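Student: Sharing a structure below in structure tokens format, with a few things to ask.
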Amino acid sequence: EQNNNVSIRRCLREVHIDMFCCFMTYYVVRLVLFSALMIIVVSYNDISVFLSNSSRKLHTPTNFLLLSLAVSDFSVGFVWVLLILLIDGCWFLGAGWCVFNTVLGYVATSASIGTVVLISVDRFVAVYDPMHYQTKVTKNRANICIVLCWAGSTLFHCLRLIYIIENPGQFDSCAGECVTYVHPVGRIMNIVLSFIIPISIIVVLYVRVFMVAVSQAQAMRSHVTAVTLQSSQKVYRSELKAARALGVVVVVFLLCVTPLYIDSLTTGLGVGSLSSYIFVIGLFFFNSLLNPVIYVFLYPWFRKCVKYVFSLQILKSGKVRDNITLYLCCFQCYF
Numbered sequence: 001e002q003n004n005n006v007s008i009r010r011c012l013r014e015v016h017i018d019m020f021c022c023f024m025t026y027y028v029v030r031l032v033l034f035s036a037l038m039i040i041v042v043s044y045n046d047i048s049v050f051l052s053n054s055s056r057k058l059h060t061p062t063n064f065l066l067l068s069l070a071v072s073d074f075s076v077g078f079v080w081v082l083l084i085l086l087i088d089g090c091w092f093l094g095a096g097w098c099v100f101n102t103v104l105g106y107v108a109t110s111a112s113i114g115t116v117v118l119i120s121v122d123r124f125v126a127v128y129d130p131m132h133y134q135t136k137v138t139k140n141r142a143n144i145c146i147v148l149c150w151a152g153s154t155l156f157h158c159l160r161l162i163y164i165i166e167n168p169g170q171f172d173s174c175a176g177e178c179v180t181y182v183h184p185v186g187r188i189m190n191i192v193l194s195f196i197i198p199i200s201i202i203v204v205l206y207v208r209v210f211m212v213a214v215s216q217a218q219a220m221r222s223h224v225t226a227v228t229l230q231s232s233q234k235v236y237r238s239e240l241k242a243a244r245a246l247g248v249v250v251v252v253f254l255l256c257v258t259p260l261y262i263d264s265l266t267t268g269l270g271v272g273s274l275s276s277y278i279f280v281i282g283l284f285f286f287n288s289l290l291n292p293v294i295y296v297f298l299y300p301w302f303r304k305c306v307k308y309v310f311s312l313q314i315l316k317s318g319k320v321r322d323n324i325t326l327y328l329c330c331f332q333c334y335f
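Last residue of the sequence shown: 335 (UniProt numbering), numbering continuous.
Now the structure itself:
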């Protein structure tokens, strides 16, 4: 179609009739997989939000940080809902929604990374200076840090993506495309502020926490070696468990986040279609599913809470809510 020397192309692919069934099967399978992943991401983070707000007893600084993490990952799950529309290479919601989805994805993922940094700081203070933890880490300070994290992420990415916000659809080469343009300077700033600095902080803090945990375990072992060998073995097992938990947090975060930023760094001009980066973006967003698994789902108290929620027992009596409070307190003491 040609109008006033302007050619408008459609992104719909021309498929031979013999291959139609094959292509449809491929797209349906891929749609089901991405939809299932999106539902899991949204569901688990929705449960985390619900449990964190189910009682005033749960309103602690650590739980506020976990709530912020669940909200950010829930937002990432919402972005997944819209990204499913790009599975066949076409965007059907228009340029405005394309910009909104892009900005929301960047803001939510940056807020998620920032919240992981805040959780690292919270755990570092709790382990390194437990005597003054209650005075240094308060609910008001935690709320201020969370607000600054979200406001900073929103402001930074709105400024970084200001051109596509003011000119939606400017870089779309065909109808049904969702293309994001980021200036190379903005791309480098995003890598530094959203990846290099947070990763460095997380690694340094968790290494310090691990060193403190090891030293405390060794001190405990030195006091109980004269008692029984069984006590020493228990301390050694707890030391390995702490090391494994910290290792999972750091390694999984790096594996999920690093590929997208490496791809972003090597892109060059800064123009790219979301559909062409579906793998690295999918892996990046997959971290939002793993966050509640790492921080919550690996612990028995959350499995019991999930059972109570889905069986609707949480609506029957206050006893279950008291149990949830107890489980969350045990979770907080464990960390």
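Built from N, CA and C at the ideal position, the CB exists for glycine as well. Because the structure is a prediction, the values reported are computed rather than measured.
Let me check understanding here. Comparing Cα to Cα, which of V207, G186 and S72 lies closest to residue 336?
Tutor: The structure shown does not extend to residue 336, since the chain is modelled only from 1 through 335, so no value can be given for it.
Student: How big is the Cα-Cα spacing for H157 and Y106?
Tutor: C-alpha separation (whole angstroms): 7 Å.
Student: Please state the DSSP three-state secondary structure of T60.
Tutor: Three-state DSSP puts T60 in coil, outside helix and strand.
Student: How about residue 421 and I191: are their beta carbons less than 8 Å apart?
Tutor: Within the shown structure, residues of the chain are numbered from 1 to 335, placing residue 421 beyond reach of any answer.
Student: Give the straight-line distance between the Cα atoms of V252 and N287, rounded to the nearest whole angstrom.
Tutor: Approximately 8 Å, taken between the alpha carbons.
Student: Can you list, in chain order, the residues of its chain with a C-beta nearer than 7 Å to that of P259? Leave out the 5 residues immediately preceding and following it.
Tutor: Answer for P259: V280 and L283, listed in chain order.
Student: Whose CA, out of I119, I162 and C98, lies closest to the CA of T60?
Tutor: Answer by Cα proximity: I119.
Student: Assign V251 to one of three DSSP states: helix, strand, or coil.
Tutor: V251: helix per DSSP, three-state reduction.
Student: Among the candidates V204, C98, T180 and V76, whose CA atom is the shortest distance from the CA of A108?
Tutor: Here the closest residue by C-alpha is V76.
Student: Assign S200 to one of two classes, buried (16 or more other C-beta atoms within 10 Å of its C-beta) or exposed (fewer than that).
Tutor: Exposed, by the Cβ-count rule.
Student: What is the rounded straight-line gap between the Cα of P198 and the Cα of P168?
Tutor: Approximately 30 Å, taken between the alpha carbons.
Student: Label Y163 either buried or exposed according to how many other C-beta atoms from any shown protein chain fall within 10 Å of its C-beta, with 16 as the threshold for buried.
Tutor: Per the 10 Å Cβ criterion, exposed.
Student: Got a sec, what are the start and stop residues for the alpha helix (DSSP H) S120 sits in?
Tutor: Segment G94 to Y128, the alpha helix (DSSP H) holding S120.
Student: By a C-beta neighbour count over all protein chains shown, 10 Å radius and 16 as the cutoff for buried, is A151 buried or exposed?
Tutor: Exposed, because fewer than 16 other Cβ atoms sit within 10 Å of the Cβ of A151.
Student: Please tell me whether G94 has its Cβ less than 8 Å away from any Cβ of chain D.
Tutor: As a matter of chain content, chain D is missing from the structure shown, which is built from one protein chain.
Student: With distance defined between alpha-carbon atoms, name the residue in L254, D73 and C178 nearest to G94.
Tutor: The residue with the shortest Cα to Cα distance from G94 is C178.
Student: Do L290 and C256 have their C-beta atoms within less than 8 Å of each other?
Tutor: The answer is yes: Cβ separation under 8 Å.
Student: For D73, which of helix, strand or coil comes out of DSSP?
Tutor: Note: D73 maps to helix in three-state DSSP.
Student: Using 10 angstroms around the beta-carbon of N140, count the other beta-carbons present and answer buried if the total reaches 16, otherwise exposed.
Tutor: Flag for N140 reads exposed.
Student: By how many angstroms is the C-alpha of E166 removed from the C-alpha of L155?
Tutor: Cα to Cα, the separation comes out at about 15 Å.
Student: In angstroms, rounded to a whole number, what distance separates the CA positions of Y261 and T102?
Tutor: The straight-line gap from Cα to Cα measures roughly 16 Å.
Student: Can you tell me whether DSSP reads V29 as helix, strand or coil?
Tutor: Any reading at V29 needs caution, since the residue's pLDDT is 47, under 50, leaving its predicted position unreliable; the model's value is listed next. DSSP places V29 in helix when its eight states are reduced to three.
Student: Assuming contact is defined by CB atoms lying nearer than 8 Å, are L65 and A126 in contact in what I supplied?
Tutor: Result no, Cβ atoms of L65 and A126 do not sit closer than 8 Å.
Student: Can you give the Cα-Cα distance for V117 and S72, rounded to whole angstroms?
Tutor: Approximately 13 Å, taken between the alpha carbons.
Student: CB-CB under 6 Å to C145, same chain, minus the five flanking residues each way: which ones, in chain order?
Tutor: Excluding positions up to five away in sequence, the list reads L118.
Student: Look at the alpha carbon of Q134 and the alpha carbon of V185, and state the distance between them as a whole number of angstroms.
Tutor: Going by the C-alpha atoms only, they are around 41 Å apart.
Student: Tell me the DSSP secondary structure of V137 in three-state form.
Tutor: Residue state, collapsed to three classes: coil.
Student: As a quick exercise: from T62, I188 and R160, pick the residue whose alpha carbon is nearest that of residue 342.
Tutor: In the structure as shown, the chain starts at 1 and stops at 335, and residue 342 therefore has no counterpart that could be examined.
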